[in-house]
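Peer 1: Residue numbers (the working numbering): 4 to 263.
1. Is the CB-CB distance between residue 69 and residue 116 below 9 Å?
2. Exposed or buried, residue 131, counting other C-beta atoms within 10 Å across all chains shown (16 or more means buried)?
3. Are the CB atoms of residue 76 and residue 94 within a distance shorter than 9 Å?
4. Am I right that residue 30 and residue 106 are in contact with their C-beta atoms under 8 Å? What's the rounded C-beta distance?
5. How long is the line joining the alpha carbons of residue 28 and residue 85, rounded to whole angstroms?
6. Any beta carbon of chain B sitting closer than 9 Å to that of residue 139?
7. Taking contact to mean at least 3 C-beta pairs separated by less than 8 Å, is the region 39-56 in contact with the region 16-24?
8. Does the region 6-19 come close enough to the region 48-65 to have 3 or more Cβ pairs within less than 8 Å?
9. Can you name, in chain order, every residue of its own chain whose Cβ lies under 8 Å from the Cβ of residue 143, other than the five neighbours on each side?
10. Candidates 119, 123, 121, 137: which alpha carbon is nearest residue 110's?
11. Using only alpha-carbon positions, find the residue among 64, 83, 195, 128 that is nearest to residue 166.
12. Excluding the 5 residues flanking residue 141 on each side, which residues of the same chain have their C-beta closer than 6 Å to its C-beta?
13. On the DSSP letters alone, give me the boundaries of the alpha helix (DSSP H) that residue 170 sits inside.
14. Expressed to the nearest angstrom, what Euclidean distance is found between the alpha-carbon atoms of residue 57 and residue 37?
15. Is the beta carbon of residue 155 less than 9 Å from the beta carbon of residue 133?
16. In three-state DSSP terms, what is residue 107?
17. Can you give me the start and stop residues for the alpha helix (DSSP H) that residue 88 sits inside?
18. By the three-class DSSP mapping on this structure, what secondary structure does residue 69 have?
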């Protein structure tokens, strides 16, 4: 029996999953994948990927779980495997890509507050993160580390043929003589950090000491939900390739992104 696991939407942390569920949005968290791998019980697994990326550490947890799985894992890039989703894709024993799909690698990014020492520390953390991410690409492609780091620094977009030529994938689905495709851009579907922070910090709390709850949200935020969904749609249309992330004064260096 073959078990199918979806990696769709942004890669997020387990404790943010309920927010995406409430908005009826696609997402992938480590728990969603790890639980399904446990239920697969060693059977063959096909991982279907269409994701713009997300948090590095959570992507690493998913990558590790797939690599450690005792059964055969085939990753299928059916739409987009970008940023964190790209190194998740390389975890498969076999990696295939649809003729209409895309593959993208780039450097990690983050928000940070502080003096010059904090900024230098953030810069070093990002460089270290890039060097940990590149390990997955080295294992898959056999390429030199510096060549791959240069590709990441340039934000390299690949169509199926380019991904195959660079050994990121093993096969192009449905095609014996694949044609070369031109890479294009796509926007992230992650919920803006200010909304996540608002939920966490009780921004919408009306004097309740225990803070905002799921029940409060479901009961009172129907109109707000529509406003945010409209904002997300606008962001998808207008967002640049490399977004300026809002600094998180409480999280500082705690979350690293690989997102568009």
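We put the CB at the ideal spot given by N, CA and C, even for glycine.
Being a predicted model, the structure only gives us computed values, none of them experimental.
Peer 2: Concretely, from the data shown:
1. no
2. exposed
3. Cβ distance < 9 Å, so residue 94 and residue 76 count as in contact.
4. Contact between residue 30 and residue 106 is absent: CB atoms are separated by about 20 Å, not below the 8 Å threshold.
5. 18 Å
6. The structure shown has no chain B; it contains just one protein chain.
7. no
8. yes
9. 93, 98, 170, 171
10. 137
11. Sorting 64, 83, 195, 128 by C-alpha distance to the C-alpha of residue 166 places 83 at the top.
12. 148
13. Per DSSP, residue 170 belongs to no alpha helix (DSSP H) and is neither H nor E.
14. 17 Å
15. Contact: yes.
16. strand
17. Counting along the chain, the alpha helix (DSSP H) containing residue 88 begins and ends at 87-92.
18. helix
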